[in-house]
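Protein chains in written order, with the numbering used here: chain A, 1 to 111; chain B, 112 to 1272.
We put the CB at the ideal spot given by N, CA and C, even for glycine.
In what follows, a structure is listed as structure tokens, so that the remarks can point back to it.
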Amino acid sequence: MGLFSQSVDVSCAPDGQPQSLQWNGTTYAVCAEPLRWYERRQWWAEESRAPLGSGPGVVDHEIWRIQVLPANTSGQEPPFPEPLTLDLTRHIRSGRWRLLRIHDALHPTTA
Amino acid sequence: MTFTHLHVSTAFSAHYGVSWPDELAQSAAGDGATALACTDRDGLYGTIKHLKACMAAGIDPIVGVDLAVLDDDGDHRTQVSGRVVVLAKGHNNGAGYRALCRLISDAHARTSGKAGGTVPVAVTRAELASRTLDPTTLKPVLMVLIGPDSDVGRAMGGRRYLRPRTLFKEWLDAMPAGTLVTEIVSQLSAPGTPLSTAHAVRMLRLAEEHRVPAVLTNAVRYCAADGAPTADVLDSARTLKSLPELAAEPLLQPTGQGWLKSSDQMHRLAREIISAAGYGKADLTQLLSQTEALADACRIDPVADMGWKQPVVPEASVIGINQDPYAELVQRCSAGITRRFPGISGAREHSLRARLEHELRIIHELNFSSYFLTVAEVSRMIQDMGVRAAARGSGASSLVNYLLDVSHVNPLQHDLIFERFLSQDRATLPDIDIDVESAERHNVYRKIFDRFGAERVTLMSMQNGYRARGAVRDAGLALGMDGGEVGEIAKQLWRFSAGKFREALQEKPELRDFAGRVEQREMDGNQQLDLLVDLTERLDRLPRHISMHPCGVILGDATLLDRTPVQPSGLGLPMSQFDKHDMDPMGMLKLDVLGVRMQSAMAFAVREVIRLHPSKKEVVAAGNHGPGPQGTGPDYIADNGHIDLNAVPLDDEATFELIRSTHTLGCFQIESPGQRELIGKMAPREFNDLIIDISLFRPGPMKSDMVRPFLEHRHGFAPEVYPHPDLKPVLAETHGVTVFHEQILKTFDVMTGCGLAQADEFRRALGNEARENAVEVFFRKAARAKGYTPEVVDKVWGTLKAFGSFGFCKAHGAAFAVPTYQSAWLKTHHPEAFLAGLWEHDPGMYPKRLLVAEARRLGIPILPLDINRSKDEYRVERISSGADAGKLGIRLSLKGIYGLSATELKRIVAGQPFDSLADLRSRARVSKPSIKRLAQLGAFDALHKDAGGSANRADLVHHLQTLQSTGARKSSGILEGQMALPLGDVELRNVKPGLPEPSVVENVRAELDLMAVDVSTHLMDSHRPLLERLGVTTADKLLGLRNGTEVLVAGVRVATQTPPMRGGRRVVFISIDDGTGCIDSVFFHEAQENAGPLLFGTRLLLIRGTTRRTGPRGISLSASMAWDLARTETLPVPPSDAPVPQAAHPLDGITRSLAITGFNG
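This is the structure in structure tokens:
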């Protein structure tokens, strides 16, 4: 499993679920029901202000675990590429997405 | 379908919940909810506020508690297995609420009520099970929610399949059928961690397996997501660990998702859990409908279930009456007329009877007879104990109270209006406050419990919220900042709310340094300070803990403990979880029994007077009292010398002379710097002047500049003006200025004919934006109709509007003025006994050492500590020899010496006199360090002299020090048999001389360190050479200076005040004592800027200012600059070749700032 923090562009469905993303010049499509949770931030070290009314996203950020395939695989012959499992994080206050982890396809981690 | 939140902590879950009941109820109602639960941790602390908030928001309240459950295994009664939520079922005539109250009281029954107790607030499962069923109907009245924080939920982690099942089975076996529910919570934390969807799914499956209903909650801690960081800080404050430490454990909330989510969000969450469980739509519907079904079963009817606003008083039989309470009240009032007004007749009797009938009619209509009889019973009980007691506050407006001996102020004499206290238009139980001697307060409480029965009485509690200093300390702790650094910052925070910290940084000069450091964060990378400010503001006002209210006692009937949960107070007596705001909503009769130290000090003084002068003749001579009607002295002095203070006439000229001199240190209500200034200007001549003085010295009148015109009119500098001749009778006593509530009531009545009861309702509406308009419309219309001109109406309305909201109740003023006068009377006639009483009970605002200075000023000798003459209290003593022979002096008390334990003190007093140190050691078993401290304070000097040794105090201390460090057990080596021989103290005689006598500075330092008073000499004395060099003026010389003279003064801080002022600009009053008297200085804005951190941070001050004459006998200083006297290098010493005198100072190295300066800066 590799650990990254790289900015990515994600397009979402109206309910907020990621559908596809642009990464390293390739477009990937989400190919399975994603998993979503929240994780704590060390906000006292990362933020310099936390006034009342800061709104959501000081304490935690959203994590999405998605499985993706390159978007242009429709015409390909077998063997089909293995789906990639990625952990994305969405910073709640800015709405920006970053790629957090890439799970090794051979040793998929499960929840 | 809307969603009902069943698990919600409010801010009243101390150090846990973040949001106020109002916010939560409004937010729920705004989202369309029809009910909302309040389940505070460990109690119903926020429940009544929740009820109020729900009623205001138009939704149904649900009440419950989040409670810890003890581990059933073995004897581990201190081990908590987890927490559950317990909800009361509603609409069962209070059966659910009753059971909830009793259950919570069970949970607290084993705790000590003291901070740091080891027994947790928790119930056993057996207690929980037994309370869930109504004892008579055996129907379930409580519902228990087994959720993520229960033992079952906590066992969900890991891969253990069986453990949660076993635990859940135990619950099923233990609890009556139909009382158990599972609580499904997901705060969307990482899969497999607590509060994750995965755990929620496991709990849901468990419920399914056992066919137990499951409900969805969000275990709410804050109203909106914004509250999550505050919850983190509260977790840190609760556990006393920093956020980085908690994060490492990990003990912080796993996510910030515990807010009051909307119905939509909760429904989406339910779908997420159901789909993760692989269940279908029917299961989703079932989860949500079961949640709503439980909510419906638990909707509370505030009136039928909780007795909302229905006053409950003790049963008639308990207060010893067997007839109709009203008939009893009428009879007792008649008896009171005979006692209070012997021989009254004619027109006076007529008006008295008319007033009484008027009061009785209103009391009868409101059905409050039992209430008055209850208060009278308590009051009688206290007086039977021989304890001084007097009603204060608006209760003094009632003739009934006067006739029942509840109050000692005759309302007719002072023109007090009953409607200010009670009227048919105001059906809430009125407040009657009873002042008692502070030293007897706890005994009075115990007696009330005995008298009415423990089932009918409980103490009221109070909520202690975060203020600036506590907030910054806990915010600093959360951030892991250095405790010392945060402490330094906290010191500078003085009297502003934590919520305005950032604003204060811009404005307050003493915070300038800190504000600069916050600004500099970019440069030194110190982001923490900025965050510290934000977190401090977040904590503002949040409740920290409850404690015993200083005076509230709740009295009820035998059902009281069904209506409020109780927990042990620090005093050992039970304390309600409700505070003063909850009393009226819950129909609880609250009596304020206030401990007033001045009452104790006065009672002490009266006892000292008898002890010294055990006959009327001696007291009359000692106190210089008049000859009285029979020529043998006044009637208020009994034959045994006892003075009946309440019978002392209120017109003693010598007493008023003392008050006018402004030497009123130690006198009730009139000793503060501001009051001494006002007294000096006003020069009171009679009792009513004292009432006016006390009423004027309030934030409102001071702020709105009522004082100046009053004084101008009083002294005839300006003609009195009345808006209309009709108002002259109303306003004449205060020269046309509206001071009293009573005057506002009469003004309304005179100009509109509305009646006094209605007038008081109007008064209450003043200052209330929503209601004031209607009052204005009525007033203008009715006054015009009575023929007043528009100009008069305008002018009077302006006065009412401006002064109405903060005028003072004259009855309060009158009730306060009595002890004011009495204390001044004692100071005038028996100053030694009075000062001894003040030292003993410390009633005032100043540090005790200032009263020592006052004794010095009055020429009253202070007698040193003496192991054989000092007792466990201050004593007045006739001096037998020396320069002061024949005078009365005050002997220092052994109590309050640092390190001397209460049991040592008891043994010393019981064993006096001692003929040697060995005798003291063997009979009083005083520890070595204590003996050394007593020696340092000179307690053995007399014994030492008698023993005939040639050594001095320093030698003796050295000798004791050696014994202490060698650790010899039988220290002196004296044989047992020697003690009986009258040889004097061999040990003392043989102490080896050689050391120099301790200097005065050293002696004073020991006194300050061990007793916080400077007795041998004033602590400023060692600064004398430096002060002379600086050209400092002393306090006793100030009065001789012209107004506007620039002077330097110096002294030790004795008072620091920041009263509210006109225009809202802060003014700081600092009083210093230089040994010749007290100097009151005032720092206006610019002076505050100049003085900066010195304002609140220094003990010894040098102040430059100009004199302001405040009256014929009063002078104060308008400060322009201040210096810290301890930092000699900064002082404005005039240039000269001679070096700046450097002297050792008694305060060097002494840390007891609060006790010495009255200020913990």
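In three-state terms, what does DSSP make of methionine 1090 of chain B?
In this prediction, methionine 1090 of chain B has a pLDDT of 46, which is less than 50 and means its spatial position is unreliable; what the coordinates show is noted afterwards. Methionine 1090 of chain B: helix per DSSP, three-state reduction.
Measure the C-alpha to C-alpha separation of methionine 1131 of chain B and phenylalanine 625 of chain B and round it to an integer number of angstroms.
When rounded, the separation of the alpha-carbon atoms in methionine 1131 of chain B and phenylalanine 625 of chain B is 31 angstroms.
Below 8 angstroms CB to CB, which residues in the same chain sit around threonine 647 of chain B once its five sequence neighbours on both sides are set aside?
If we look at threonine 647 of chain B and ignore the five residues flanking it on each side, its Cβ neighbours are Ala579, Ala582, Val583, Ala586, Ala609 and Phe612.
Within 10 Å of its beta-carbon, does leucine 162 of chain B have 16 or more other beta-carbons around it, so buried, or fewer, so exposed?
By the neighbour-count rule (16 or more Cβ atoms within 10 Å), leucine 162 of chain B is buried.
Among residues of its own chain, excluding the 5 on either side of alanine 1198 of chain B, which ones have a beta-carbon nearer than 6 angstroms to its beta-carbon?
Result list for alanine 1198 of chain B: Ala1230 and Ser1231, in chain order.
So what's tryptophan 370 of chain B in DSSP terms, helix, strand or just coil?
Of the three classes helix, strand and coil, the one that applies to tryptophan 370 of chain B here is strand, per DSSP.
What separation, rounded to the nearest whole angstrom, lies between the Cα atoms of leucine 1016 of chain B and leucine 976 of chain B?
For leucine 1016 of chain B and leucine 976 of chain B, the distance between alpha carbons rounds to 13 angstroms.
Hey, how far is the Cα of leucine 278 of chain B from the Cα of proline 246 of chain B?
If you take the alpha carbons of leucine 278 of chain B and proline 246 of chain B, they lie about 27 angstroms apart.
Mind listing the chain A neighbours of aspartate 337 of chain B? Cutoff is C-beta to C-beta under 9 angstroms, in chain order.
Residues of chain A passing the Cβ test: Leu52, Gly53, Ser54, Gly55, Pro56 and Val58.
Give me the subset of the region 30-42 of chain A whose CB atoms are less than 8 angstroms from a CB atom of chain B, sorted by chain position.
Listed by position along the chain: Leu35, Arg36, Trp37, Tyr38, Glu39, Arg40 and Gln42.
Output, in chain order, the set of chain B residues within a Cβ distance shorter than 7 angstroms of arginine 49 of chain A.
Contact note: arginine 49 of chain A reaches chain B through Asp641, Leu642 and Asp645, using a C-beta cutoff of 7 angstroms and chain order.
Which same chain residues end up closer than 6 angstroms to phenylalanine 945 of chain B when comparing Cβ atoms and leaving out the 5 residues on each side of it in sequence?
The beta carbon of phenylalanine 945 of chain B sits closer than 6 angstroms to the beta carbons of Ala716, Leu937 and Lys938 from its chain, once the five residues preceding and following it are set aside; these are given in chain order.
Three Cβ pairs or more, each shorter than 8 angstroms: is that satisfied between the region 52-67 of chain A and the region 330-338 of chain B?
Contact between the region 52-67 of chain A and the region 330-338 of chain B is present: 3 or more CB-CB pairs across the two stretches fall below 8 angstroms.
May I ask you to list the residues that DSSP assigns as paired with leucine 1211 of chain B?
Under DSSP, leucine 1211 of chain B forms a beta bridge with B/Val1163.
Would you report the Cα separation of serine 981 of chain B and arginine 466 of chain B, rounded to the nearest angstrom?
Each residue's Cα considered, the two are about 54 angstroms apart.
Which residues in chain A sit within 9 angstroms of glutamine 617 of chain B, going by Cβ to Cβ distance?
What glutamine 617 of chain B touches in chain A: nothing, since even the nearest Cβ is about 15 angstroms away.
So what's lysine 857 of chain B in DSSP terms, helix, strand or just coil?
Correct three-state label for lysine 857 of chain B: helix.
Within 10 angstroms of the Cβ of aspartate 561 of chain B, are there 16 or more other Cβ atoms? Answer buried if so, exposed if not.
Under this definition aspartate 561 of chain B is an exposed residue.
Rounded C-alpha distance that separates alanine 1258 of chain B from serine 1264 of chain B:
At residue 1258 of chain B the sequence reads leucine, which differs from the alanine that was named. Those two C-alpha atoms are separated by around 9 angstroms.
For leucine 354 of chain B, return the contacting residues in chain A, with the cut-off set at a CB-CB distance below 7 angstroms.
For leucine 354 of chain B, the neighbours in chain A by C-beta distance under 7 angstroms run, in chain order, Trp44.
By the three-class DSSP mapping on this structure, what secondary structure does tyrosine 747 of chain B have?
Assignment of tyrosine 747 of chain B by DSSP, reduced to helix, strand and coil, places it in the coil class.
Answer with buried or exposed for lysine 392 of chain B, where buried requires no fewer than 16 other C-beta atoms within 10 angstroms of its C-beta.
The residue is exposed, with fewer than 16 neighbouring Cβ atoms inside 10 Å.
Partner residues on chain A for glutamine 368 of chain B, Cβ-Cβ distance less than 8 angstroms
The answer, in chain order, is Tyr38 and Asp60.
Any idea if threonine 1014 of chain B is buried or exposed, counting beta-carbon neighbours within 10 angstroms, 16 or more meaning buried?
It is exposed - the Cβ of threonine 1014 of chain B has fewer than 16 other Cβ atoms within 10 Å.
Starting from proline 396 of chain B, trace the alpha helix (DSSP H) both ways and give me its first and last residue.
Sequence inspection shows threonine at residue 396 of chain B; the proline mentioned does not correspond to that position. Its alpha helix (DSSP H) spans residues 392-408.
Cβ-based burial, aspartate 675 of chain B [other Cβ within 10 Å; buried from 16]
It should be pointed out that residue 675 of chain B corresponds to threonine in this sequence rather than to aspartate. By the Cβ neighbour-count rule, threonine 675 of chain B is buried, with 16 or more other Cβ atoms within 10 Å of its own.
Here's the rule: buried if 16 or more other CB atoms are within 10 angstroms of the residue's CB, otherwise exposed. What is glutamine 688 of chain B?
Buried.
Beta strand (DSSP E) segment containing arginine 503 of chain B, residue limits
Element bounds for arginine 503 of chain B: 500-503.
Considering only residues of the same chain and omitting the five flanking positions on each side of tryptophan 370 of chain B, which have a CB-CB separation below 6 angstroms?
Contacts found: Tyr333, Ala335 and Ala336.
Which residue or residues does DSSP assign as beta-bridge partners of threonine 293 of chain B?
For threonine 293 of chain B, which the question treats as bridged, DSSP gives the partners B/Ile257 and B/Ala325.
State yes or no: is the beta carbon of leucine 135 of chain B nearer than 8 angstroms to at least one beta carbon in chain A?
Under the Cβ criterion of 8 angstroms, leucine 135 of chain B is not counted among the residues facing chain A.
Excluding the five sequence neighbours on either side, which residues of its own chain have a C-beta within less than 7 angstroms of the C-beta of glycine 1203 of chain B, listed in chain order?
Within the same chain, glycine 1203 of chain B has close Cβ partners Pro620, Glu621 and Arg623.
Considering only the alpha carbon of each residue, which of B/Arg567, B/Gln631 and B/Arg718 lies closest to leucine 666 of chain B?
Closest by alpha carbon: B/Arg567.
What does the Cβ neighbour count give for methionine 813 of chain B, buried or exposed, with the cut at 16 atoms within 10 Å?
Sixteen is the threshold: when 16 or more other Cβ atoms of the shown chains lie within 10 Å of the Cβ of methionine 813 of chain B, as they do, the residue is buried.
Is arginine 1064 of chain B helix, strand or coil when you go by DSSP?
Here arginine 1064 of chain B sits in helix by DSSP.
What are the boundary residues of the alpha helix (DSSP H) that includes methionine 492 of chain B?
Run containing methionine 492 of chain B: 480-495, per the alpha helix (DSSP H) assignment.
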